[in-house]
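Chemist: Under this note's numbering, think of the first position of the sequence shown as 2, with each following residue one higher. Here a beta-carbon is modelled for each residue, glycine too, at the ideal position from N, C-alpha and C. Fair warning: this is a prediction, and the values are worked out from it, not measured in the lab. Before we start, here is the structure in question, set down as structure tokens.
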Amino acid sequence: MEDLFDGSRRDSLRLQLLGWGDKLSEILNAAIELRLFTKVSAGADTVPAIAEALDILPLNAERLVLACVAMDLLRRDGDRYRNAPDVERFLVAGRKNYQGPWFRWWRKKDHPGWHRLADYLRRKDAPAVIGELYAHHTVEEARDFHEGMYAVGMGAAHLFHRTVDLSARRLILDLGGGSGHYCIVAAEKYPAIRGIVFDLPPVVEVTREYAAKSGYSDRITAQGGDFTADPLPAGADVVLLNGNGTIYGPDTMRAIVAKAHDAMAPGGEMHIIFEMLDDDRSGPVNAALFGLYEALMGSEGRAHSVTDVAGYMRAAGFVDVSIHDFLGRYIRRVTGLKK
Ligand SMILES: C[S@@+](CC[C@H](N)C(=O)[O-])C[C@H]1O[C@@H](n2cnc3c(N)ncnc32)[C@H](O)[C@@H]1O
2 MEDLFDGSRR
12 DSLRLQLLGW
22 GDKLSEILNA
32 AIELRLFTKV
42 SAGADTVPAI
52 AEALDILPLN
62 AERLVLACVA
72 MDLLRRDGDR
82 YRNAPDVERF
92 LVAGRKNYQG
102 PWFRWWRKKD
112 HPGWHRLADY
122 LRRKDAPAVI
132 GELYAHHTVE
142 EARDFHEGMY
152 AVGMGAAHLF
162 HRTVDLSARR
172 LILDLGGGSG
182 HYCIVAAEKY
192 PAIRGIVFDL
202 PPVVEVTREY
212 AAKSGYSDRI
222 TAQGGDFTAD
232 PLPAGADVVL
242 LNGNGTIYGP
252 DTMRAIVAKA
262 HDAMAPGGEM
272 HIIFEMLDDD
282 RSGPVNAALF
292 GLYEALMGSE
302 GRAHSVTDVA
312 GYMRAAGFVD
322 VSIHDFLGRY
332 IRRVTGLKK
């Protein structure tokens with residue numbers, strides 16, 4: 002897919018594919034909605050069996066299967082089909098890693114302005130500090146969003162806790178922690194660690210539901226507030242700021258990181274994880290995309306580079322600031338210590 006973005010082609014193929022990219026997304030989402038991958042995994046592995054399992058015409062089953070094979074979502078062996086490995090891992094309903102709710106949220110609730118992006122880019126009214134999605138979240142909307150966020154975030158939380166050892170730590174403050182998945186995995190792994198999820202007031206009602214469901218309400222608490230404006234709970238020796246970077250502009254990011262630094266215990270560590278640009282700002286595309294998304298949200302948010310983020314940490318007083326690939330270069334972690 003990466004060479005799709007290589008502009009040195011002599012034909013217009015990459016331009017065609019980019020212009021049509023939303024159709025590829027619709028194919029994936031239709032397959033998820035129809036439970037194609039779930040049924041294939043359960044044994045419906047021929048076109049007639051798929052048609053029956055999905056209750057669609059064989060002609061439409063064949064159309065969908067061909068498109069999924071061309072996109073390497075399904076793989077063919079004779080007249081039998083199986084899910085590609087990542088599809089089998091993440092898109093089979095009922096599995097622990099199932100990310101269907103995340104895709105469902107984007108498909109149904111994503112900002113309708115994407116199809117009028119040029120109009121949004123022409124807007125000249127002053128951007129807000131906090132974008133539309135978060136500024137006006139109701140509890141119901143937050144519950145819906147975090148069902149998806151939890152589905153995809155649990156994998157990230159496990160990855161984080163496999164990579165970073167918090168065995169000597171006592172208290173995590175997760176800024177914008179949402180459903181609290183980073184604290185839930187920490188609670189599973191470390192018997193004494195506690196976590197405070199600090200998130201917007203409607204969201205923490207949902208956080209408490211996830212904490213209760215996980216069985217760790219005694220060690221995971223939630224505090225409602227706006228980390229751009231309100232004081233933060235003091236004394237944590239781990240602070241997380243994950244999945245929030247592109248929502249905010251550089252001044253706000255600098256201020257949040259400085260506030261976190263001041264609130265945490267000496268010797269503590271802070272981790273910032275999100276889609277960051279390379280140092281030379283030439284990609285990756287998901288970091289640029291999330292920055293652009295903020296034009297729809299009417300916020301000051303934008304893409305930040307790894308160097309920008311490391312700079313916010315150093316300016317706040319963090320030492321030993323280091324940059325790590327988290328999900329390859331597509332999501333990065335920047336870490337610093339408070340002296
Ligand atoms: C994309 S989600 C990320 C959730 C989680 N940290 C993760 O990485 O999976 C962003 C979260 O930050 C929260 N958030 C955004 N701005 C905030 C603010 N100013 N104060 C508190 N929470 C905020 C949102 O409500 C949401 O739960």
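#1: Spatial neighbours of residue 261 within its chain, please: C-beta separation below 7 Å, excluding the five flanking residues on both sides.
#2: Roughly how many whole angstroms lie between the Cα atoms of residue 171 and residue 247?
#3: Between the Cα of residue 134 and the Cα atoms of 111, 116 and 156, which residue gives the shortest distance?
#4: Applying the criterion that 16 or more other CB atoms from any shown protein chain within 10 Å of the CB defines a buried residue, is residue 164 buried or exposed?
#5: Please go through the same chain and pick out, in chain order, the residues whose beta-carbon is closer than 7 Å to the beta-carbon of residue 149, but skip the five residues on each side of it.
#6: Alpha carbon to alpha carbon, how far is residue 44 from residue 73? Give it in angstroms, no decimals.
#7: Given a threshold of 16 other Cβ atoms within 10 Å of its Cβ, counted over all protein chains shown, does residue 339 qualify as buried or as exposed?
#8: Are there 16 or more other CB atoms within 10 angstroms of the CB of residue 276, so buried, or fewer, so exposed?
#9: Beta-carbon separation of residue 208 and residue 178 under 8 Å?
#10: Could you check which residue in 302, 144 and 306 has the C-alpha nearest to that of residue 283?
#11: Relative to the C-alpha of residue 254, which candidate in 156, 132 and 302 has its C-alpha closest?
#12: Identify every residue that forms a DSSP beta bridge with residue 224.
#13: Between residue 252 and ligand 1, is there a pair consisting of the residue's CB and a ligand heavy atom that are separated by less than 7 Å?
#14: Where DSSP assigns a beta bridge to residue 82, which residues make up the other side?
#15: Which same chain residues, not among the five before or five after residue 265, have their C-beta less than 6 Å away from its C-beta?
#16: Assign residue 39 to one of two classes, buried (16 or more other C-beta atoms within 10 Å of its C-beta) or exposed (fewer than that).
#17: In the DSSP assignment, what residue or residues form a beta bridge with residue 326?
#18: May I ask whether a heavy atom of ligand 1 can be found less than 7 Å away from the beta carbon of residue 162?
#19: On the three-state DSSP scale, how would you describe residue 61?
Modeler: The answer reads as follows:
#1: The residue you call residue 261 lines up with position 260 of the sequence shown. Beyond the five residues adjoining it in sequence on each side, residue 261 comes within less than 7 Å, by CB distance, of 176, 233, 240, 242 and 271 in the same chain, given in chain order.
#2: For the purposes of this step, residue 171 is taken as residue 170 along the sequence shown, with counting starting at 1. For the purposes of this step, residue 247 is taken as residue 246 along the sequence shown, with counting starting at 1. Taking the Cα positions, residue 171 is about 29 Å away from residue 247.
#3: Sequence index remark: in the sequence shown, residue 134 carries index 133 (1-based). Among 111, 116 and 156, the Cα nearest to that of residue 134 belongs to 111.
#4: Sequence index remark: in the sequence shown, residue 164 carries index 163 (1-based). So residue 164 counts as exposed.
#5: By 1-based counting over the sequence shown, the position of residue 149 is 148. Once the five neighbours on either side are set aside, the close Cβ partners of residue 149 are 102, 103, 105 and 106.
#6: Along the sequence shown, read from residue 1 onward, the residue named residue 73 stands at position 72. Along the sequence shown, read from residue 1 onward, the residue named residue 44 stands at position 43. Cα-Cα distance, rounded: 18 Å.
#7: Taking the sequence shown and counting its residues from 1, the one referred to as residue 339 is at position 338. With 16 or more other Cβ atoms from the protein chains shown falling within 10 Å of its own Cβ, residue 339 counts as buried.
#8: Counting from one through the sequence shown, the residue named residue 276 turns up at place 275. Buried, since its Cβ has 16 or more Cβ neighbours within 10 Å.
#9: Along the sequence shown, one-based indexing puts residue 208 at 207. Along the sequence shown, one-based indexing puts residue 178 at 177. By the CB criterion at 8 Å, residue 208 and residue 178 fall inside the cutoff.
#10: Counting from one through the sequence shown, the residue named residue 283 turns up at place 282. Comparing Cα positions, the closest option is 306.
#11: The residue you call residue 254 lines up with position 253 of the sequence shown. Residue 302 holds the alpha-carbon nearest to the alpha-carbon of residue 254 among 156, 132 and 302.
#12: Position 223 of the sequence shown, counting from 1, holds the residue named residue 224. Beta-bridge partners of residue 224 (DSSP): 199.
#13: In the sequence shown, the residue the question calls residue 252 occupies position 251. Incorrect: residue 252 has no Cβ contact closer than 7 Å to ligand 1.
#14: Taking the sequence shown and counting its residues from 1, the one referred to as residue 82 is at position 81. Its beta-bridge partners are 77.
#15: Locating residue 265 in the sequence shown gives position 264, where the first residue counts as 1. Within the same chain, residue 265 has close Cβ partners 237, 240 and 339.
#16: Here residue 39 refers to the residue found at position 38 of the sequence shown. Buried.
#17: Residue mapping note: residue 326 aligns to position 325 of the sequence shown, counting from 1. According to DSSP, residue 326 bridges with 333.
#18: Stepping through the sequence shown from its first residue, residue 162 is reached at position 161. No, since every heavy atom of ligand 1 falls outside the 7 Å radius drawn around the Cβ of residue 162.
#19: Along the sequence shown, read from residue 1 onward, the residue named residue 61 stands at position 60. DSSP, read as helix, strand or coil, puts residue 61 in helix.
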